[in-house]
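In our numbering, the protein residues as written are 7 to 179.
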Amino acid sequence: MIVVNGGSSSGKSGIVRCLQAVLAEPWLALGCDTFVDALPARMRASDEGIVFEADGGVSVGAEFRALDTAWAQGVAAMARAGARIIVDDVFLGQAASQRRWEEALDGLDVLWVGVRCESTVAAGREVARGDRPEGMAAQQAEAVHVGVRYDLEVDTTHTESLVCARAVAARVS
């Protein structure tokens, strides 16, 4: 298992795609976007689900948290069944988000990767993407790393995704 954490527009998805290309064995890429896309539409703007605020803030409710825990348990079950999985996540709950994954992945070999990017660069990427509320990247750039422990950190501010992916791949046993 590889768990990649970083703020919105930090370059996680690009690194994950490059990892899939450079790792010798096939790896599945699953992430928070996959999970959110799987939610019923009514939960994508609900206090019990997930709300993307106009200022870039994100809030989640109890029903979202319960499903998110089930999601993590399901991903862990696939890994226990032999799938190689790269999780692309945004630890909005900071250290508590990592603890949730640690509980789900208990007993599995996990490489924890932090993806950092200067907030101004991530904000520029956010504007170019056009699919995120303005301000999300800046709000998450540092906040998602508070209290989180990593085996490896990469910084995409001035480093291409492929270079970062190769650094991660070098740590995969």
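Ideal Cβ placement from N, Cα and C applies to all residues, glycine included.
Bear in mind the structure is a predicted one, so any value in this text is a computation, not a measurement.
- Under the Cβ criterion (8 Å, minimum of three pairs), the segment 156-163 counts as touching the segment 115-133.
- By the CB criterion at 7 Å, G153 and A101 fall inside the cutoff.
- Around the CB of H151, 16 or more other CB atoms lie within 10 Å, so the residue is classed as buried.
- The closest CA to that of M7, considering only E59, V81, R172, V96, is found on V81.
- Of the candidates P46, I21, G130, A47, I21 places its Cα closest to the Cα of A35.
- For F58, the pairing in a beta bridge is given by DSSP as V64.
- Excluding five sequence positions before and after F58, the CB atoms of its chain that fall closer than 7 Å to its own CB belong to V64, P139, given in chain order.
- The three-state reading of DSSP puts R90 in coil, since its state is none of H, G, I, E or B.
- Sequence-distant Cβ neighbours of R172 in its own chain, meaning closer than 7 Å and more than five residues away, are V28.
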